[in-house]
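Using the numbering used here, the first residue of the sequence shown is number 566, and each one after it goes up by one.
Every residue, glycine too, gets a C-beta built ideally from N, C-alpha and C.
Scroll down for the structure; my scribbles are underneath it.
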Amino acid sequence: MSATHGGTPKRNQHRPIPPRDELDKYIRYYWHLGQSDKDIASHVLDHFEEGMYGCSAKTVKRIRKTLGLDSARKPSYTAADIVNVFQEIRNTYPTMGAQQMVHEFRQSYNIKVTEKYIFQLMREYEPEALKAQRAKHFRRRVYYGAGVMEVISIDQHDKWKHFGLYLHCVLTRSLGVFTGWRSGGLIETRFSLVDIISRLLVLKVVSVPLKMQGDPGSENNVLANVHTEIRQRLDPLLKGYLQHKICH
Numbered sequence: 566m567s568a569t570h571g572g573t574p575k576r577n578q579h580r581p582i583p584p585r586d587e588l589d590k591y592i593r594y595y596w597h598l599g600q601s602d603k604d605i606a607s608h609v610l611d612h613f614e615e616g617m618y619g620c621s622a623k624t625v626k627r628i629r630k631t632l633g634l635d636s637a638r639k640p641s642y643t644a645a646d647i648v649n650v651f652q653e654i655r656n657t658y659p660t661m662g663a664q665q666m667v668h669e670f671r672q673s674y675n676i677k678v679t680e681k682y683i684f685q686l687m688r689e690y691e692p693e694a695l696k697a698q699r700a701k702h703f704r705r706r707v708y709y710g711a712g713v714m715e716v717i718s719i720d721q722h723d724k725w726k727h728f729g730l731y732l733h734c735v736l737t738r739s740l741g742v743f744t745g746w747r748s749g750g751l752i753e754t755r756f757s758l759v760d761i762i763s764r765l766l767v768l769k770v771v772s773v774p775l776k777m778q779g780d781p782g783s784e785n786n787v788l789a790n791v792h793t794e795i796r797q798r799l800d801p802l803l804k805g806y807l808q809h810k811i812c813h
C-alpha cells in the first residue's frame with residue numbers, strides 16, 4: 566500500500582508475477598522458440614487468468630538469467646565455447662545449414678547465437694563446404710508449359726506504402742515481367758487483377774491465365790478470389806476449385 570498526498574492509502578498498481586514454477590516453464594519454452602524478452606513477457610500471460618498477473622520484459626530478463634538462458638547480445642559463454650559446440654554439431658550433422666544450426670545451438674546447448682555469426686564460423690572453418698553448398702542453390706532446368714498463359718506469378722511490393730504506392734509485380738514464363746501500381750491502401754488490391762488483364766490486352770494477349778500463383782500473404786486473397794470467379798464463369802466445371810497456387 567502506498568499513501569497519496571492527502572494521506573488516503575492507494576493500492577499498488579503493479580500486479581504480481583505468476584507462480585514461479587509455471588512461469589519458469591513457459592519462459593524456457595518461448596526462449597527455445599527464439600522469442601525476445603518482450604515477446605516472452607506477452608506470451609506467458611496467455612497461459613494464466615487474464616488480469617490477475619503481470620510480467621514485464623525486465624522480469625523475464627531477470628528470471629532468464631537465473632535459469633541460465635543467455636541472450637545473443639550478452640552471453641556468458643566465450644567464443645571458444647561456441648567453436649567447440651559448432652565443431653561438435655558439425656561432426657554429428659555434416660550437412661546442417663546455418664539456420665538449422667542456430668536452432669540446434671538453442672535447443673540442445675542453451676546457447677543463443679545469430680545466423681550471421683554461424684556464417685562467420687562456416688567461412689572460417691569450412692570455406693570449401695560453404696561454397697559447395699551455395700553452388701547448389703541455382704540449377705538450370707527445362708520447363709514444359711501447356712501454353713503462353715498457363716500460369717502467372719504475382720506478388721505485392723509494399724515498401725513504398727509511406728508514399729501511398731502499392732505495387733503488384735507479375736512474372737510470366739513467356740512474356741517476362743511487368744508491374745502495375747495503385748495509390749491508396751491494400752483494400753484496392755481487388756482492382757489489381759483488372760490492371761493485369763488490361764496490360765495483357767495491351768500486349769495483345771487476349772486471354773485469362775489458367776492459374777495464378779503467389780505467396781500465402783493476405784494481400785493475394787482478393788486476387789485469388791477474383792481470378793477464380795472469372796475462371797469459373799468461363800468454365801462451370803471448375804466450380805469449387807480455387808484457381809490459385811500458394812507457393813511457400
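query = When you compare only the Cα positions, how much space is there between Thr631 and Phe651?
reply = 25 Å
query = Within 8 Å: the Cβ of Val650 and any heavy atom of the ligand FMN?
reply = Looking at this structure, you won't find the ligand FMN or any other ligand, since it has none at all.
ask   = For the region 772-806, which segments carrying the alpha helix (DSSP H) assignment without a break, of at least 4 residues, lie completely within its bounds, in sequence order?
value = 786-799
key: Alpha carbon of Cys812 to alpha carbon of Leu736, nearest angstrom   = 14 Å
request  = Identify the continuous beta strand (DSSP E) that holds Gln600 and give its terminal residues.
outcome  = From DSSP, Gln600 is part of no beta strand (DSSP E); its letter is neither H nor E.
key: Residue interval of the alpha helix (DSSP H) (run including Ile654)   = Ala644 to Thr657
ask   = Could you give the distance in angstroms between the alpha-carbon of Cys620 and the alpha-carbon of Leu799?
value = 57 Å
ask   = If you compare alpha carbons, which of Gln672, Asp780 and Met714 is closest to Met593?
value = Note that residue 593 is Arg in the sequence shown here, rather than Met. Measuring from the Cα of Arg593, the nearest candidate turns out to be Gln672.
query = Quick one: is Met777 buried, meaning 16 or more other Cβ sit within 10 Å of its Cβ, or exposed?
reply = buried
request  = Provide the residue span of the alpha helix (DSSP H) that contains Lys810, from first to last.
outcome  = Careful: Lys810 lies outside any alpha helix (DSSP H), inside the beta strand (DSSP E) at His809 to Ile811.
ask   = How is the alpha helix (DSSP H) around His668 delimited, first residue to last?
value = Ala663 to Tyr674
inquiry  = As a quick exercise: from Phe728, Ala711, Gly729 and Leu730, pick the residue whose alpha carbon is nearest that of Arg738.
reply    = Ala711
inquiry  = Measuring only the C-alpha atoms, how far is Arg580 from Tyr674?
reply    = 34 Å
query = Near Glu715, which residues of its chain fall below 6 Å by C-beta distance, leaving aside the five closest residues on each side in sequence?
reply = Leu775
inquiry  = Quick check on the burial criterion: 16 or more other C-beta atoms within 10 angstroms. Buried or exposed for Tyr709?
reply    = exposed
task = Classify Gly599 as buried or exposed, calling it buried when 16 or more other Cβ atoms lie within 10 Å of its own Cβ.
result = exposed
ask   = Which residues mark the beginning and the end of the beta strand (DSSP E) in which Val716 is found?
value = Val716 to His722
message = Tell me the residue span of the alpha helix (DSSP H) that contains Thr679.
response = Per DSSP, Thr679 belongs to no alpha helix (DSSP H) and is neither H nor E.
Tyr658 burial status per 10 Å Cβ neighbour count (16 or more: buried) = exposed
Whole-angstrom distance between Val707 and Arg796, CA atom to CA atom = 28 Å
Lys603 versus Phe684: straight-line alpha-carbon distance, rounded = 27 Å
query = Rounded to a whole number of angstroms, what is the C-alpha to C-alpha distance between Gly633 and Gln665?
reply = 22 Å
task = Please state whether DSSP places Thr660 in a helix, a strand or coil.
result = coil
query = Mapping DSSP to helix, strand and coil, what is Leu713?
reply = A small correction: the amino acid at residue 713 is Val; Leu does not occupy that position in the sequence shown. It is coil, neither helix nor strand.
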